[in-house]
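J.: In order, the protein sequences belong to chains S and C. In terms of my numbering, the first sequence is residues 911 to 1383. In terms of my numbering, the second sequence is residues 136 to 454. Sharing a structure with you now.
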Amino acid sequence: MSTSANGLRKIVHIAWREIRYTALTPAFLLGVVGVPIAMLGLIVLYPLLLSQEARPLEGTLAIVDPSGLVGTQVEIILEEDRLEEEAAKKLEETLKKLPLDGALQNAGGGMSLFRPNIDLFKTEINLELLVVLDPEELPRLKDRLQAGELVGIAVIPDELLDVTADLEALPDDEELLARHESFELFLTQDSAPNQTNALEDVLKQAVVETRAQLGDIDYETVQRILTRPGVRAIRVSESGENPENIKIRMILPIVLMMLLWVSTLTSGNYILTSTIEEKSNRVMEVLLSAVSPMQLMTGKLLGQSVVASFMMVMYGGMAILGLFAIAMADLISVGLIVLSLCYFAIAYFMVASIMAAIGSAVNDLRDAQSLMGPAMIILILPMILWMPITNNPESALAVVTGFIPPLIPFVMILRIASSSEAIPIWQIVLSLTLGGLSVVAMLWMCARIFRVGVLMQGKPPSPLELLRWMRYR
Amino acid sequence: MNDAIHVRGVSKRFGEVQAVDGIEFVVPAGSLCGFLGPNGAGKSTTIRMIMSIIYPDSGNISVLDGSALDHKDGIGYLPEERGVYRKMRVGDFIKYMARLKGMPSRGLGKRIDDWLERMDLEGVQKRKCQELSKGMQQKIQFISAVIHEPELIILDEPFSGLDPVNARLLGRTIKAMNDAGRTIIFSTHVLHQAEQLCDRVLMINKGRIVIDDDLDTIRRRHDPRTLRVRTAMDAGGFKEQAERVAGVRSIRFGEDPEVLEIAMDDGIDLGEGMSHELIEALNTIGSMRSLEIKTPTLDDVFVELVGTTIARVEASETT
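Below you can see the structure in the form of structure tokens.
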């Protein structure tokens, strides 16, 4: 077997050990795989759990309303809600009979996993109304409430429906003012918050609509007048017109950058701790009798790169699935994925080689903290730059920082994902070239430090000493 | 190939400390060589340079007619610092090290079993390294250093930390490997073990080689020219009269008060040609229960050489 093949085989063994004792451990599987899967499960189950646990509002609601108008309006609103609910349920039944069990609905070119217009968080209301015109009945109604015969009593004062009243001209009487601005709602001790909210919403809506009637105003017209319009932003370019989703467009870059950040930092951290462990367990010299420091470092970097890629693919895959779910898959392109992987490689090898060098130079994690500065700067700066770059991906700041080696992967991902216009190809090529060259330089420097550091014991070195180690023979 | 290791004019300095100072020696192929020296003499530094783990400031080292880097798979190395992956299972650890040393996976399990049995460690494959005692971990590390049957075996303090039974077991194993044709060099402080095992001794002190020879030559060269006499009479009276015998330089009591150690002048033959006159002269003083020529042990040589160096250094420091 040739020397290079033998060396390669050794590197593969080291890499496999890194994967085996990092990714195939209960701690990793629980923390890195289990938690996101559990979160995903929770996202799916949460609404179902909520819908099943929300107590429906059932029983008799008494409305003390001398005008009798609000009670009628409440009845109309409840009937409309009931009809809407029935229509939605019918639609759901129809979808279930479609292929794919109705779970997926083709909508606007994207896939939607959402149910039709059924609000899972809405409390089901099944009320009987008891409209009482005489306010003198209130004490008796309260007795019935306490006896559990009623779910609530709403007392609608006449003043509340007086649409012509000038509130500022009223005498300074708090009680009078309160009757113009609010109504009383008596509830039992055990009424749930969701039931109270549902009851309040219906009653408030009924009061507003009654006022509109009394003022001879078409409520729906007024509502339409007062509703602020939405905006459908459309980007016009030479390639055509593309609809813009500003919120998603703002979130996507940070999601991609965080993916890069988390997978890089986690794997870098694993390299740091495993190198320190090998030093503190004194197994390093045994290893160096079998492999060269360069082979050891390469094996560790490659092994952890598989772990990092796994995390990247897993979390990234979840994000892409999420985009499919909300019919925004068109925001992700094959080009963006390929470039993300390229920038991931640059970020990973840059941070991981620094971590390996630091791990080789110290004897415990506490000592490592003092040397973590450079790695942390690389990781913190993108966080600071996130907002200005996503706000203006073509700014001088964005372009310049996109060519500064340690920041290249993070800044370029932010730029590419947030820019509506394609980033000039020369900028991408230049950033990849500079990134690749800086990875080579960083690997060389860190390998020099690693080679010396792995055999050093005692006091942790200063940054200056690390520079001196690079020159050691 | 005649020499497994050839060290020529090698020096190494760590800051202000000259750890190794222009040493030269060879370890012939097939030899079992003890590398002796006091603490801080430069043994481990020399071994690490032989292994190309660190590099000399000057001079050069040839290992198996090349560099240790080119022959990593042909060398078995047990470093002074004992280390295992604490959370790895014993079998996995040995297998991992064997694979890094270029062994194919086929037949490896059987070989691991054989070695564990040989080192009295049956049934520990599935246990985690951290569950084993320090001595057991040391034997595991020894197995992982030699399982690939290397041509050259370098052991740095292999006996330290082992109880006498395991030290003897390890000694027998080392001897057996040497008998099977392996070249072995090991450093140790346990001089009697080196004496029992080695056919060649290197002694280093203050970074310099002070002895590089086979054991018989060393003993001859450091012959203390001393007779040990056990008398049947009062040892004090015997000493008084014996001091007047021609050729006697000095006499002192041995550890046993009935034993006298008589140092003879350089011209007196204590070998086969020992004169009858001398024996007669001593015998006339009083009857002797035994008369023997004291053979220098490595301990004696070690103490003599290291002690002389220390005395010289102390003398130069006071002037």
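Every residue gets a Cβ at the ideal spot worked out from N, C-alpha and C, and that includes glycine. Remember, it's a predicted structure, so these values are computed and weren't measured experimentally.
When you compare each of S:Y1225, S:V942, S:V1112 and S:L1353 to S:M1167 by their alpha carbons, which one comes out closest?
T.: Of the listed residues, the one whose Cα sits closest to S:M1167 is S:Y1225.
J.: From the DSSP output, in three-state form, read off C:N174 for me.
T.: Note: C:N174 maps to coil in three-state DSSP.
J.: Does the stretch 321-340 of chain C touch the stretch 162-174 of chain C, meaning 3 or more C-beta pairs lie closer than 8 angstroms?
T.: Touching, yes.
J.: Grab me the residues of C:Y220's own chain with a C-beta within less than 7 angstroms of its C-beta, minus the 5 sequence neighbours each way, in chain order.
T.: Correct list, in chain order: F228 and C264.
J.: Taking 7 angstroms as the CB-CB cut-off, is S:K1369 touching chain C?
T.: Cβ-Cβ to chain C under 7 angstroms: no for S:K1369.
J.: Could you give the DSSP three-state label for S:P1315: helix, strand or coil?
T.: Helix.
J.: What does C:Y212 pair with, by DSSP beta-bridge criteria?
T.: Paired residue(s): C:I289.
J.: With distances taken from CA atoms, which of C:R384, C:K230, C:R148 and C:I344 is nearest C:A398?
T.: Taking only the C-alpha atoms, the option nearest C:A398 is C:R384.
J.: Would you please verify whether the beta carbon of S:R1361 is less than 7 angstroms from any beta carbon of chain C?
T.: Chain C contact via Cβ: absent.
J.: The alpha helix (DSSP H) with S:I1268 in it runs from where to where?
T.: Residues V1244 to A1271.
J.: Go through its chain and collect everything with a Cβ distance to C:I386's Cβ below 8 angstroms, but skip five positions before and after it.
T.: So the list reads K374, A377, E378, L395, E396, I397 and A398, once near-sequence residues are dropped.
J.: In chain C, which residues lie with their C-beta within 7 angstroms of the C-beta of S:L1365?
T.: Near S:L1365 (Cβ distances below 7 angstroms), the residues of chain C are I188 and I189.
J.: Which partner residues does S:E1151 have in the DSSP bridge list?
T.: In the DSSP output, where bridge partners are listed per residue, S:E1151 has S:V1146.
J.: List, in order along the chain, the chain S residues whose C-beta lies closer than 7 angstroms to that of C:K236?
T.: In chain order: A1200.
J.: Taking the C-alpha atoms as reference points, what is the distance between S:V1216 and C:I344?
T.: Near 49 angstroms, if we compare the C-alpha coordinates of C:I344 and S:V1216.
J.: When you compare each of C:G194, C:V198 and C:V152 to C:P285 by their alpha carbons, which one comes out closest?
T.: Comparing Cα positions, the closest option is C:V198.
J.: Could you name the residues of the stretch 197-216 of chain C whose beta carbon sits closer than 9 angstroms to any beta carbon of chain S, in the order they occur along the chain?
T.: Here the close residues are A203, L204, D205, K207, D208, I210, G211, Y212, L213, P214, E215 and E216.
J.: If we ignore side chains and look at the alpha-carbon of each, how far apart do C:P455 and C:I346 end up?
T.: There is no way to answer for residue 455 of chain C, as the model of chain C reaches only from 136 to 454.
J.: Under 7 angstroms, Cβ to Cβ, is there at least one residue of chain C near S:G1012?
T.: Confidence at S:G1012 is low in this model, with a pLDDT of 42, below 50, so its placement is unreliable and no value can be given for it.
J.: How many angstroms separate the CA atom of S:D1277 from the CA atom of S:P1370?
T.: Whole-angstrom Cα-Cα distance: 6 angstroms.
J.: Among C:Q331, C:D248 and C:I282, whose alpha-carbon lies nearest the alpha-carbon of C:G237?
T.: Measuring from the Cα of C:G237, the nearest candidate turns out to be C:I282.
J.: Give me the subset of the stretch 216-234 of chain C whose CB atoms are less than 7 angstroms from a CB atom of chain S, sorted by chain position.
T.: From the stretch 216-234 of chain C, only E216, R217, G218, V219, Y220, R221, Y231, M232 and R234 have a Cβ closer than 7 angstroms to chain S.
J.: Between S:V943, S:L1198, S:S1101 and S:L1071, which has its C-alpha nearest C:R183's C-alpha?
T.: Looking at the Cα atoms, S:L1198 is the closest of the given residues.
J.: Under a three-way DSSP split, which group does C:N340 fall into?
T.: C:N340 falls in the strand class under three-state DSSP.
J.: Could you give the C-beta distance for S:Y1253 and S:I1323, rounded to a whole number, given that I count them as a contact under 8 angstroms?
T.: Contact holds; Cβ gap of about 5 angstroms.
J.: Can you check which of these residues, C:D205, C:I185 and C:V152, is closest to S:S914 by C-alpha distance?
T.: The residue with the shortest Cα to Cα distance from S:S914 is C:D205.
J.: Among the candidates C:L362, C:K222 and C:Q276, whose CA atom is the shortest distance from the CA of C:G211?
T.: Cα-wise, what sits closest to C:G211 is C:Q276.
J.: Pick from C:S295, C:I309, C:G371 and C:V364: whose alpha carbon is nearest that of C:R96?
T.: No statement about residue 96 of chain C is possible, as the shown extent of chain C runs from 136 to 454 and does not include it.
J.: Do we get a CB-CB distance below 7 angstroms when we pair S:N916 with the residues of chain C?
T.: It does: the Cβ of S:N916 has a partner Cβ on chain C nearer than 7 angstroms.
J.: Measuring alpha carbon to alpha carbon, tell me which of S:Q1367, S:G1363 and S:G1368 ends up nearest S:R1381.
T.: Checking every option, the nearest Cα to that of S:R1381 belongs to S:G1363.
J.: If you draw a straight line from the C-alpha of C:G144 to the C-alpha of C:G342, how long is it?
T.: So the alpha carbons of these two residues sit roughly 12 angstroms apart.
J.: Check the Cβ-Cβ distances between S:E1375 and every residue of chain C, and say whether any is below 7 angstroms.
T.: So, not an interface residue.
J.: So the candidates are S:S1250, S:I921, S:N1301 and S:I986; which of them puts its Cα closest to the Cα of S:A1116?
T.: Out of S:S1250, S:I921, S:N1301 and S:I986, S:I986 has the C-alpha closest to the C-alpha of S:A1116.
J.: Candidates C:D208, C:T308, C:L362 and C:N195: which alpha carbon is nearest C:K429's?
T.: Here the closest residue by C-alpha is C:L362.
J.: Which residues in the same chain as S:S1219 place their Cβ atom closer than 6 angstroms to its Cβ, once the five residues preceding and following it in sequence are excluded?
T.: Cβ neighbours of S:S1219 beyond the five flanking positions: none.
J.: Given 8 angstroms as the limit, is there contact between the stretch 299-319 of chain C and the stretch 146-156 of chain C, that is, 3 or more CB pairs closer than that?
T.: Not touching, per the Cβ criterion.
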